[in-house]
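Letter by letter, the sequence shown follows residues 1 to 677 in UniProt numbering.
Cβ atoms here follow ideal geometry from the backbone N, Cα and C, with glycine treated the same way.
Report on one structure; see the data block that follows.
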Amino acid sequence: MEDIEENIKCEGFLFVNNFDSANLAKVENVEIKDKKISDKSDKSENDKSDTSKTEIKNENNKNENNKTLKNSLAQEPPSYEFNLWTKQDCQGTEYQNNNKTWFYFGIRAAEPGVVVKLNLVNLNKQVKMFSQGMSPVYKVIPGHPQWDRIRDKPLFIADDKNNQFILSFNFRTPENRNAVTYFAFTYPFSYTDLQTYLKKIDTKMTKQSTKFPDDIYYHRECAIKSLEGRRLDVLTISSFYNILQDREAKIKDLFPEVHEKRPFKFRDKKIIFMSARVHPGETPSSFVLNGFIQFLLNRDDQIAITLRRLYVFKFIPMLNPDGVAQGYYRMDTRGINLNRLYLNPSKTDHPTIYAARALLRYYHNSYKLLDDQVFETKKSISTNTVSIPNITINSSVSRETNKLLRKVTQMSVDEKNKFIEKGGQVRNALTQASEKSTVNQNSLENVSGTETESNKSTPRSESVQSGLFLYIDFHGHASKKGIFIYGNHFDDPEDAAECMLFPKLMSINNSNFHFTSCNFAEKNMYCVDKRDGMSREGSGRVAVYKLTGLVHSYTLECNYNTGRLVNTVPARIKETSNKLQGQVFVPPKYSPVIYEEVGAALGPSILDLNGSNPNSRLPNSQYRSLKALKTYLKLISTNHYQTQGKPLNKVNLSNNENDILVANDDVDTEIQQCRLC
């Protein structure tokens, strides 16, 4: 056995480990005659006194696992067996921690056509996920270049007494001696994959000739470099409709590539901000984001055209490029969970989150720089122009408004609250001044990580004038089945219903999105993670809400394996019922294609939010109209969910949602029957 940092040789096998996102730490040969994980597994099942096993609640799953174990061993005994150790996040550094779910490596076999057993012996316990049928993925280069789940169900041992989780599976070596078989925890998407993907888009978009306002506007730039010098790419996608001659400002400490110009500004188009991979091992998030980007770049789809005409889209595809490249599961290279730092990130220690937050503040304030975002030299911002259609100049703020802004900025927190209660025409001025005021008073800079009553909620009025329309951060999820959203908690039923609206629309536009698995509880905003002791108050979703008051601020979660239900998706208004024939009602095993379909469903769901979808499914749903759907959600938030604080899957929303009767919108649509338990 040879233990080296990169490729590892053992018994004539080469374990390939010198590539982006790989993280194999050690390989050990297991003598077939003397030591078999399968023998230990069988013995431990019959001898409970030797090992304290983790109990699996679903007995059917447990029996199925045992049956699979016997069948797999009976098919063909392995010729080789290896124990493998994956690297912990930040292994070998002072920041080493206990995250070790992700694995990714390749094997070039010493002998073709033989069965090899692999035992990953030091993984984090993922009993629930693997008891529900989760399988790793593989590909063979050359020979089988696409990623697929392994064919035989893997076996696992959850040993509480020795704090072990061992995952085992067999594979047959390829006939080609030079072929490499790659295995991964789930479908990989590395930093190198991202750069290749973005270069393809760059090439495609540079070939387009701009002739019409609805042509695609695309821009790529580097917002900042990571701790290890990798790019934090930011994409801007819109149309040339309402584009201005002015470019976005150079924000202090950001945009290190001097040859890269900033994108142009737009008039009367709000920003939709999306990000992914703050947790590097959560690769489903990349596929969801890619699916939406591909949908948005479709030149012919009327929904995509409308989206580009109405909004400006900002994408950060990989918030933690160092963690991705190093093969980490959850942390950055200093052992930090970056999704807890949005309230007060450090430019030096957390540059990518610092850049993301700075951009969010800039767009929230409608392209206005705050005092701490302006270069000390006070150099004027370049306003390079280009010949583009339909250019107009943005209007300036009135002198009277500026006076009110200065007045509000100097107020204390208590004075602000009293000012809010007075209402009147000054409310809009308070909204525009909210960011500047909170920065000066540090009311949003919760350095200690603890919450106070004053910052626990943000007035709804503060989001009205925001330059942001929607924020989504994409993630993967190991335990909870399905694809679902975490939203923020609102006491007001109108705001609560508005927050639930986008996830509900997603369930109408995608068969694998689980609305009843969504969570909008206040507890889910402020709970402390057991693993790192950090509060979710610093997550992107909660911090953006606290920063802007934005109701549509979400975390979208994707299970690595499968879901628990499949929605009946209604036809679009321009489709026939034949489009629905052949729909599968058994939850599928999730794949990049399914994740990308979820990403594509974001498009029509965004347009459905304000009734601007030219080919909506909503009229063919049981709700018939946006007004009726909002009424239904308000009933949920008022009568059940918000008052009891239960997750939606704990609440029986109706005896049968298809029995909800709604009247036509022409006769003042209301829900006439909504049987809620």
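Whole-number beta carbon distance between residue j and residue i, since they are thought to touch under 8 Å
i           : j           : result
residue 552 : residue 471 : 7 Å
residue 121 : residue 170 : About 16 Å separates the two Cβ atoms, so there is no contact after all.
residue 559 : residue 480 : 6 Å
residue 476 : residue 285 : 6 Å
residue 104 : residue 22  : 5 Å
residue 224 : residue 317 : Between residue 317 and residue 224 the Cβ distance is about 14 Å, and since that is not below 8 Å, they are no contact.
residue 234 : residue 287 : Incorrect: roughly 19 Å between the Cβ atoms, too far for contact.
residue 166 : residue 119 : 6 Å
residue 86  : residue 14  : That belief does not hold up - the Cβ atoms of residue 86 and residue 14 are roughly 17 Å apart, past 8 Å.
residue 238 : residue 269 : 7 Å
Residue from the options whose Cα sits closest to the Cα of residue i
i           : options            : result
residue 114 : 587, 173, 518      : 173
residue 337 : 540, 205, 492, 121 : 540
residue 127 : 81, 542, 154, 189  : 154
residue 91  : 300, 326, 278, 514 : 326
residue 562 : 593, 546, 488, 574 : 593
residue 624 : 596, 505, 33, 133  : 505
residue 629 : 494, 514, 528, 545 : 494
residue 679 : 259, 609, 483      : Given a span of 1 to 677 for the chain in the structure shown, any question on residue 679 remains unanswerable.
residue 569 : 545, 527, 618      : 618
residue 501 : 239, 15, 320, 631  : 631
residue 231 : 638, 320, 612, 556 : 320
residue 26  : 123, 32, 514       : 123
Local conformation of residue i per DSSP, three classes
i           : result
residue 211 : coil
residue 25  : strand
residue 318 : coil
residue 119 : strand
residue 507 : helix
residue 476 : strand
residue 164 : strand
residue 251 : coil
residue 753 : Absent from the structure is residue 753, since the part of the chain shown begins at 1 and ends at 677.
residue 10  : strand
residue 679 : The structure shown does not extend to residue 679, since the chain is modelled only from 1 to 677, so the question has no answer here.
residue 19  : coil
residue 86  : strand
residue 127 : helix
residue 331 : coil
residue 93  : coil
residue 246 : strand
residue 543 : helix
residue 108 : strand
residue 466 : coil
residue 177 : coil
residue 513 : strand
residue 292 : helix
residue 32  : coil
For residue j and residue i, the rounded distance between their alpha carbons
i           : j           : result
residue 272 : residue 309 : 13 Å
residue 621 : residue 600 : 19 Å
residue 176 : residue 144 : 12 Å
residue 496 : residue 159 : 43 Å
residue 96  : residue 531 : 13 Å
residue 57  : residue 478 : For residue 57, the predicted structure reports a pLDDT of 37, less than 50, and the residue's modelled location is therefore unreliable. A value from the coordinates is still provided. Answer to the nearest angstrom: the Cα atoms are 17 Å apart.
residue 267 : residue 183 : 48 Å
residue 117 : residue 597 : 35 Å
residue 99  : residue 89  : 6 Å
residue 537 : residue 258 : 35 Å
residue 509 : residue 609 : 12 Å
residue 374 : residue 12  : 60 Å
residue 18  : residue 6   : 5 Å
residue 10  : residue 226 : 35 Å
residue 527 : residue 307 : 35 Å
residue 467 : residue 329 : 33 Å
residue 514 : residue 503 : 8 Å
Paired residues, beta bridge with residue i - DSSP
i           : result
residue 552 : The partner list for residue 552 (beta bridge, DSSP) is empty, contrary to what the question assumes.
residue 149 : 137
residue 562 : 589
residue 519 : 486
residue 359 : Answer by DSSP bridge pairing: none, since residue 359 is not bridged.
residue 237 : 218, 313
residue 155 : 168
residue 182 : 106, 139
residue 260 : None; residue 260 has no bridge partner.
residue 471 : 273, 553
residue 81  : 117
Check: residue i C-beta below 8 Å from any heavy atom of the ligand ATP
i           : result
residue 318 : Looking at this structure, you won't find the ligand ATP or any other ligand, since it has none at all.
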